[in-house]
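Enquirer:
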Amino acid sequence: MSNEGVIYRISGPVVTATGMNAAMYDVVRVGEEGLMGEVIELHGDKAVIQVYEDTSGIRPGEPVLNTQETLSVSLGPGLLTQIYDGIQRPLPTLEEKMGVFITRGVDADAFDLEKIWTFEPQVAVGDSVVGGQVIGHVQETETIVHKIMVPPTASGKVKSIESGDFNVTQTVCVLEDGTEMQMMQKWPVRTPRPYQQKYAPDTPLITGMRILDFLFPLAKGGAAGIPGPFGSGKTVTQQSLAKYSDAQLVVYIGCGERGNEMTEVLDEFPH
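Residue numbers for the sequence shown follow numbering that gives the first Met the number 0, beginning at 0 and rising by one.
(1) Considering just the uninterrupted stretch of the alpha helix (DSSP H) at G258, what are its terminal residues?
(2) Does the distance from the C-beta atom of P151 to that of G131 stay below 9 Å?
(3) Which residues mark the beginning and the end of the beta strand (DSSP E) in which Q67 is found?
(4) Using 8 Å as the Cβ pair cut-off and three pairs as the minimum, do the segment 65-73 and the segment 12-31 touch?
(5) Look up E175 in the DSSP assignment and say whether it is helix, strand or coil.
(6) What does the alpha-carbon distance come out to for the pair E179 and S127?
(7) Could you give the distance in angstroms between the alpha-carbon of R189 and the alpha-carbon of M23?
(8) By DSSP's criteria, R8 is part of a beta bridge. Which residues make up the other side?
(9) Between S1, G56, Y51, I86, which has its C-alpha nearest D44's C-alpha?
(10) Just the Cα atoms here: how many angstroms apart are D111 and F213?
(11) Just to confirm, is the Cβ distance from V5 to P62 under 9 Å?
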């Protein structure tokens, strides 16, 4: 059965396509412009697709291509300092391509695939490795060391391992079964990363805000919620935590935030 179907029905961002060999959560490219979407329902030969871009102007009969891949993110050196939209497209790169207004059907690598990083191995030829084991590291920033791990599904003995300067797509380690490992990994967003052991949070997170540290202490590795009505200061508190907490790395997710609040974050955080 072909991986290319056609649009059958359109209802806002929800598109129904037919004639496509689809599975749940397959990523598809919709219409002549190749808008990114994801299969969210299946009814026989019909696939219901959530499109993550504006569907204005597309019409029934246009092609839909099934990539037969699930929605995934790229993990590796180069992630830090990036600004992404909801599908891991780097906004600074998109701005260079098309200016301040993002057009449809445009894609970009999550980070610079050609940038050279200095890889330092931590295992030797003949060593046995398993999924999640660190095989080397990269000095990604002045303060952050990025550890390169064996993919969770791989294991075996090291046949060869390199040292030196590479980009994230070049092979740095090969196992005896032929498995090649690069510094970049693709991981499906709906599959939790496996772990060997979870540690109970027992170290205080110093927030730099005395009222929180004294009355509402937080723990490193823990979680906290900030409930409150409109205008009560939830976002301001969140931004203060991101700015002043005793943390090496801050991942700020502006989901449902106002545009002016995100503008403030993007203006202030780099400084």
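Where is the CB? At the ideal position from N, CA and C, for every residue including glycine.
Only a predicted model underlies this, so the values are computations on that prediction, with no experimental measurement involved.
Expert: Answer, in terms of the structure:
(1) Run containing G258: 258-267, per the alpha helix (DSSP H) assignment.
(2) Going by C-beta atoms, P151 is nearer than 9 Å to G131.
(3) In this chain, the beta strand (DSSP E) harbouring Q67 covers 62-69.
(4) Verdict: yes, contact present.
(5) E175: coil per DSSP, three-state reduction.
(6) Taking the straight line from one Cα to the other gives about 15 Å.
(7) Between the alpha carbons of R189 and M23 lies a gap of roughly 12 Å.
(8) Partner(s): T15.
(9) When the alpha-carbon of D44 is set against those of S1, G56, Y51, I86, the nearest one is in S1.
(10) Distance between D111 and F213, taken at the CA atoms: about 43 Å.
(11) Result yes, Cβ atoms of V5 and P62 sit closer than 9 Å.
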